[in-house]
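To start, the structure under review is shown below, and the notes come after it.
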Amino acid sequence: MHNLAIALKNKGYTITGSDDNVFEPSRSRLKEHGLLPDEMGWNPAKITSDLDGIILGMHARKDNSELLRAKDIGLKIYSYPEYLYEQTKNKKRVVIAGSHGKTTITAMVIHTLKYCGRKFDFMVGSQIEGIDTMVSLHPESDIAIFEGDEYLSSPIDLRPKFIHYKPHIALTTGIAWDHINVFPSFEEYGHQFKTLTRIIEPGGHFLYFTGDPLLQTIAEEIKNDIEVHPYSEHAHIIKGEKTYLIHSGNKEIPINIFGKHNLQNISGAKQVCNLLGVNEKMFYEAISTFKGTSKRLQILKQTDDSYVFLDFAHSPSKVKATVQAAREQFPAKRLITVLELHTFSSLNKEFLPEYKGTMDDSDEAIVYYTREVMEKKDLTEFPEEYVEKCFNKLDIKVYTEANLLSEYISGIKFSNTVLLLMSSGNFGGIDIKKSISIA
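Using the working numbering, read the sequence shown as starting at 67 and increasing by one per residue.
The structure is reproduced here in structure tokens:
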């Protein structure tokens, strides 16, 4: 929301906003742009008929006093994705969706278009090197690139966000059950992605990963006026600890990222860029300079023989793919993986068995969660032994106190070692970098 506020301010709009709390880095960035509210909290007096509209985020509840005031006086109320569509309805829209990889593919497309000097609008869910904001609305662009989230649009619009974008080009990476609080079954979750294909603009394109069985079925049911483009893992070779793309026969192109999931992401991004007029030569030049996004196998620390990575992985499919990527890239190193259970789904007792086998490629595996977070989410508690049983990995360690996790990380002896930290949270607020003793 704060990125959208900044983008609209940069476009010349008058922006105001409210929240009950604003955290970093949003707070500093809003203050820098003169958009930080003078006081925190909700104040219906701020909502007047002088406003042209309200953009409603997911943090406000449906009984929010400002929202109720806006309804009472008949103001136009947009969800976040609805307003992005409003800003881009006369442009060619690209939506990157899926249970995993959508942020990375979106970032790859953005990076490539920027490398090629193209003007475009975008919205992406992570910080990208060389780009200041996660939302940009350019008055002279004719393309809009959106990361397509399947989560709810707003407290009063319970449809997936990506439904509002009406794409000309839609890509789906894969479907692995998530958001159990909204989609209580895999069937209901998968149905959302089928719906996405039905709102592609006539004459548009649907791209999908061939390794996903449900996507194969969805692709076979696509209406005749939509072109279907399957993609798979890009040809590659690993030499030492570096991955190279194989292109045009035996040409090897070094890249700065690794893992089968990222090689799939590159193939998907390449097809999107081709449809947007980027030729092969320019794509490979651009992708060879792509360094990834924040918290996607992001290097925190490294030495000559050891690495520490931070990753956003939290759902079972993301955890499994990320652990496998680290194992395949560094087969001779000791692999230590630490996963924080933080989301509603990951802390749900019924969903937890979905994590079975996800950390099997680790030499040492640690799972961390806190009962305080479970209480806030009003979830049923379970003993640490239940977590061990669900992951089904011999000698897995489970911690529920941040100080014990910090002590464990501080005690790691880094010699020919990879430490992989995975979380959508913040590991109980401990200073991860400070805890890691790596020369």
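Even for Gly, the Cβ is constructed at its ideal location relative to N, Cα and C.
On a predicted model such as this, the values are computed, not experimentally measured, just so you know.
So, helix, strand or coil for residue i, using DSSP?
i, result
"Ile-502", "coil"
"Arg-184", "coil"
"Ser-472", "helix"
"Arg-127", "coil"
"Met-440", "helix"
"Phe-410", "coil"
"Ala-363", "A small correction: the amino acid at residue 363 is Leu; Ala does not occupy that position in the sequence shown. Here Leu-363 sits in coil by DSSP."
"Lys-326", "helix"
"Lys-227", "helix"
"Glu-213", "strand"
"Ile-332", "helix"
"Val-248", "coil"
"Thr-80", "coil"
"Ser-490", "coil"
"Thr-261", "helix"
"Leu-117", "coil"
"Ser-481", "coil"
"Lys-415", "coil"
"Lys-357", "coil"
"Asp-278", "coil"
"Glu-454", "helix"
"Ala-379", "coil"
"Leu-396", "For the sequence presented, residue 396 should be read as Phe rather than Leu. Here Phe-396 sits in coil by DSSP."
"Asp-85", "coil"
"Glu-105", "coil"
Can you give the beta carbon distance from residue i to residue j, rounded, assuming they're within the 8 Å contact cut?
i, j, result
"Ser-381", "Ser-165", "7 Å"
"Gln-511", "His-295", "For residue 511 there is no data in the structure shown, the boundaries of the chain being 67 and 505."
"Ala-163", "Ala-236", "7 Å"
"Val-88", "Leu-70", "Rounded, the Cβ-Cβ distance is 14 Å, inconsistent with contact."
"Glu-286", "His-271", "Actually they are not in contact, since the Cβ atoms of Glu-286 and His-271 sit about 16 Å apart, beyond 8 Å."
"Val-374", "Leu-485", "5 Å"
"Ser-372", "Thr-483", "5 Å"
"Ala-136", "Thr-359", "About 34 Å separates the two Cβ atoms, so there is no contact after all."
"Ile-323", "Phe-356", "7 Å"
"Ile-353", "Thr-178", "7 Å"
"Asp-377", "Thr-369", "Contact doesn't hold; Cβ gap of about 19 Å is too wide."
"Ile-432", "Lys-463", "5 Å"
Have a look at the DSSP bridge pairing and note the partners of residue i.
i, result
"Asp-16", "Since the displayed the chain opens at 67 and closes at 505, residue 16 lies outside it and no answer follows."
"His-302", "Leu-311"
"Gln-368", "Tyr-373"
"Ala-236", "Val-161, Phe-272"
"Ile-319", "Leu-311"
"Ser-145", "Leu-122"
"Lys-459", "Partner(s): none; Lys-459 has no beta bridge."
"Val-404", "Ile-432, Leu-487"
"Val-464", "Val-433"
"Val-294", "Phe-272"
"Leu-218", "Pro-226"
The region 266 to 280 touching the region 312 to 322, judged by at least three CB pairs closer than 8 Å: no
Stretch pair the region 440 to 449 + the region 474 to 486: three plus CB contacts closer than 8 Å: no
Meets three-Cβ-pair contact criterion under 8 Å: the region 238 to 249 and the region 188 to 208: no
Contained alpha helix (DSSP H) runs [length at least 4] in the region 150 to 209, N- to C-terminal order: 168 to 181
Contact between the region 210 to 220 and the region 138 to 155 (3+ Cβ pairs under 8 Å): yes
Given 8 Å, three or more beta-carbon pairs between the region 242 to 260 and the region 139 to 152: no
Cβ contact check for the region 337 to 348 and the region 463 to 471: 3 or more pairs under 8 Å: no
The region 252 to 267 touching the region 184 to 192, judged by at least three CB pairs closer than 8 Å: no
Contact the region 401 to 409 vs the region 426 to 438: 3+ CB pairs below 8 Å: yes
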